[in-house]
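Asks:
Next comes the structure, spelled out in structure tokens:
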């Protein structure tokens, strides 16, 4: 038996071609292709991948290579659903799919264990990741530890596999041999030589003039030497048996590997030693190309610039360089007295911050920036040239200081400061903007953009964005994902692309092709159009309900406004799992009365029609300050008097809101739930408050509809681990995954530096969810989950597998999650 290999690709022909190629190097290894969507189309199939894994697994383990990020998602689902003991010996490898498969196959053919096979595939990345799509960039080069783990398969190679010292000791033996086959030591001959020496304990290196020696067992390191017919290579080995091994290797090279009579392809170089050599991967690409005839063709990555993926999608259009916001403003026509200018600036800051208070988390973060007293104090210290000038000067200074930070999280906030500052300028009568109709149809290049600018870019018709800086956690990236705008970050050529040059940007792979051939542009447009059609199909299909393993489940949306409700309906949400009522009061100058709250809710519910809606009562505190209430960070922070704790301390607020909800519910399907619940006593008090509000409406003779169900949010670990105790009090529980992850890891989720701790797929989170769902099932309590976790297709599937009946997410994520359930939830 030996380690098996599975190649996962969006194209059946690509997967089969790679397997066919690798099989030539490793005839006894079990290689299995898992390509396409199972119906002859482009995509991936959970069933195909699961079957391939079983077929390839002989008991020694399976190495899995994939072509694109979404193939990774499906593969991870297959492993998630497998028996844990089996899944442990199946490893997903980030490596170029062609080179990685060849290297892994050779290592497996030589009898390497799973760790050695995986290390060999990773080592194949090097700097030649042209064939592997997105995996190539991520999989480049094994680590030193990984190379060491490969044992004989690594032979002491450096981390990048490019150099290996000669065998220790004075008795080194060398041979110089001429290459006779036209393509030199490309993948198949290199694999043959690797097999030849793998049965020996003698380390052998090979070198060509001008390049350092490489380990002969490292297939892709040998390939990257770029040898051709007529080149002289030097073999070196030492130790017992070295001479015999070198003789065998030299003879194999002289024999030409059965290729001595094959003409070299054009440009590959002949026996005359020309320098016009083909890329080491050309022969392999030609073989795979034959296997993929008629399949959708990817852009040749050799013509692209690697960047960091940020927001998936393909964009094709002319390059447009976005200018910077101005350093200086036009001189004001009039400057008032310092007291007058100070008041103008203070009022503008207050109005701008109040506008942002009513938005999402990103907008509220901008509001917090504007309320930073040090920023305003610095601006009013010198008002000699007017409020706008002094404000913008301090905004630029703060943004520049942040941008200069070596910490990418800190530097990413610079654009937020500028964007928030520009909003204040608008209220001072000064408009600064760099986005207009010129971006329509263009791939926009910029050093940075702010989250509001992303929205402007979409509205003005930009098709993609490449940023010179940026962070995967930057607010602009989050907005781009939500709006479906393809984006890459850390693009090194922002200032090196001519205006109007055609650009093909792949936000999933993180690649940008500058002025590619016309055929590549045409194929890219076809792919982009196909993606658009697919997205439209997903939206259309999302309107239909889905089943998971034979039971009906709800894929709902989180909303906080009429616009959100419209988006939920447009994206096919089955209902609303979380209506955030605090977003309806954040921007109020005075706290709304019962009639106003009823009217606000009615407007949202009318958009949603007969879809079920869960209304969460006011969640004040934490990261949701309500200016019209006595909510402070000191007393009402994440661990303070927030959520239901605050409402129980202010029963009149809760009573009024519950009456408003019941009045707005007439003609609709509405349930209510309380946030931040820790004990059964709190849940019971909430239930009693609901009953009291309904009873008061009956007594007053006011038209209303009692809630269909009463539930609680489970965000506090104490409640999550004792959910069975709530069975006699509530009708359902809804897990707030964002806060639960934060409380489990003792990490403030508003602190960007702590973001790595907020892992919804951590072992701790899994154990808590397992305990929660098991307890709930034993007492018949329905469980819903809302938050970022619910909007991830893979994690959503794992939640449903635990028995969760509803997942609720941002509206934009509904189609993809429904598609995943429909395809893999059988």
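Residue numbers (the working numbering): 259 to 1084.
Think of the CB as a built atom: it goes at the ideal place given N, C-alpha and C, for glycine as much as any other residue.
Please report the straight-line C-alpha distance between residue 289 and residue 305, rounded to a whole angstrom.
Replies: Rounded to the nearest angstrom, the two C-alpha atoms are 17 Å apart.
Asks: What's the C-alpha gap between residue 805 and residue 314?
Replies: Those two C-alpha atoms are separated by around 30 Å.
Asks: Beta-carbon separation of residue 817 and residue 834 under 7 Å?
Replies: Yes, they are a contact pair.
Asks: Name the residue from 585, 962, 935 and 910 whose alpha carbon lies nearest to the alpha carbon of residue 899.
Replies: If we check each option's Cα against that of residue 899, 935 comes out closest.
Asks: Contact between the segment 938-954 and the segment 968-986: three or more CB pairs below 8 Å?
Replies: Output reads yes: the segment 968-986 touches the segment 938-954.
Asks: Measure the CB-CB distance between residue 649 and residue 637 and report whether it falls below 7 Å.
Replies: Contact flag set, yes.
Asks: Just to check my reading of the structure: residue 331 and residue 1083 have Cβ atoms closer than 8 Å, yes? What is that Cβ distance to the nearest angstrom?
Replies: Actually they do not touch by this definition, with Cβ atoms about 14 Å apart.
Asks: Grab the span of the alpha helix (DSSP H) containing residue 806 for me, first residue to last.
Replies: Unbroken run through residue 806 is the beta strand (DSSP E), 804-806; no alpha helix (DSSP H).
Asks: Cβ of residue 291 within 7 Å of Cβ of residue 265?
Replies: It is a contact, given that the beta carbons lie within the stated cut-off.
Asks: Do the segment 921-936 and the segment 963-978 meet, that is, are 3 or more Cβ pairs less than 8 Å apart?
Replies: Yes, the segment 921-936 is in contact with the segment 963-978.
Asks: In three-state terms, what does DSSP make of residue 749?
Replies: Of the three classes helix, strand and coil, the one that applies to residue 749 here is coil, per DSSP.
Asks: Identify the continuous beta strand (DSSP E) that holds residue 984 and give its terminal residues.
Replies: No beta strand (DSSP E) contains residue 984, which DSSP labels as neither H nor E.
Asks: Using only CA atoms, which one of 582, 366, 470 and 789 lies nearest to residue 707?
Replies: Cα-wise, what sits closest to residue 707 is 582.
Asks: Here's the rule I'm using: 16 or more other beta-carbon atoms within 10 Å means buried, otherwise exposed. How should residue 450 be labelled?
Replies: Answer is buried; the Cβ neighbour count reaches 16.
Asks: Short check: CB of residue 796 to CB of residue 1077, under 7 Å?
Replies: In this structure, residue 1077 lies closer than 7 Å to residue 796 by Cβ.
Asks: Which whole-angstrom value is the C-beta distance of residue 966 and residue 928, which I expect to be below 8 Å?
Replies: That belief holds up - the Cβ atoms of residue 966 and residue 928 are roughly 6 Å apart, short of 8 Å.
Asks: By Cβ distance, which residues of its chain are closer than 6 Å to residue 841, with the 5 residues on each side in sequence left out?
Replies: These residues qualify, in order along the chain: 818.
Asks: Straight-line CA distance for residue 951 to residue 594?
Replies: About 54 Å.
Asks: Please state the DSSP three-state secondary structure of residue 824.
Replies: Looking at residue 824 - three-state DSSP - the assignment turns out to be helix.
Asks: Given that a residue counts as buried once 16 or more other Cβ atoms are within 10 Å of its Cβ, and exposed if not, what is residue 829?
Replies: It counts as buried.
Asks: Consult DSSP for residue 769 and reduce its assignment to one of helix, strand or coil.
Replies: Looking at residue 769 - three-state DSSP - the assignment turns out to be strand.
Asks: Ignore the nearest five residues each way along the sequence and tell me which others in residue 750's own chain have a CB closer than 8 Å to its CB.
Replies: The answer, listed in chain order, is 563, 565 and 726.
Asks: Classify residue 1067 as helix, strand or coil using the three-state DSSP reduction.
Replies: In this structure, residue 1067 counts as strand in the three-state DSSP scheme.
Asks: Quick one: what's got a C-beta closer than 7 Å to residue 302's C-beta in the same chain, skipping five residues either side?
Replies: Excluding positions up to five away in sequence, the list reads 266, 268, 295, 328, 329 and 332.
Asks: Anyone know if the C-beta pair for residue 675 and residue 627 falls short of 7 Å?
Replies: A contact, by the Cβ cut-off of 7 Å.
Asks: Let me make sure I understand the geometry here. Which of 839, 944 and 356 has the alpha-carbon closest to that of residue 908?
Replies: It is 944.
Asks: Going by beta carbon distance, what residues of the same chain come within less than 6 Å of residue 281, once the five residues before and after it are set aside?
Replies: Cβ neighbours of residue 281 beyond the five flanking positions: 289.
Asks: Anyone know if the C-beta pair for residue 466 and residue 495 falls short of 7 Å?
Replies: Result no, Cβ atoms of residue 466 and residue 495 do not sit closer than 7 Å.
Asks: Would you list the residues sitting across from residue 473 in a DSSP beta bridge?
Replies: Note: residue 473 sits in a beta bridge opposite 463.
Asks: So, at 8 Å on beta carbons, what are the nonlocal neighbours of residue 515 in its own chain, with the 5 sequence-adjacent residues on each side left out?
Replies: 439, 446, 447 and 450, listed in sequence order.
Asks: If we count the other Cβ atoms within 10 Å of its Cβ and call it buried at 16 or more, is residue 385 buried or exposed?
Replies: Here the model assigns residue 385 a pLDDT of 36, short of 50, so the residue's position is not dependable and the matter cannot be decided.
Asks: Would you mind giving the Cβ-Cβ distance between residue 1043 and residue 988, rounded to the nearest angstrom? I have them listed as a contact below 8 Å.
Replies: Actually they do not touch by this definition, with Cβ atoms about 16 Å apart.
Asks: What are the complete alpha helix (DSSP H) segments, minimum 4 residues, inside the segment 278-352?
Replies: Taking only runs of at least 4 residues, the alpha helix (DSSP H) segments lying wholly in the segment 278-352 are 304-314, 327-339 and 342-345.
Asks: Alpha carbon to alpha carbon, how far is residue 998 from residue 922?
Replies: Distance between the alpha carbons of residue 998 and residue 922: 30 Å.
Asks: Does residue 479 pass the burial test, meaning 16 or more other C-beta atoms within 10 Å, or should it be called exposed?
Replies: Flag for residue 479 reads buried.
Asks: Which of the three DSSP states is assigned to residue 743 in this structure?
Replies: In the structure shown, residue 743 sits in coil (DSSP, three-state: anything other than H, G, I, E or B).
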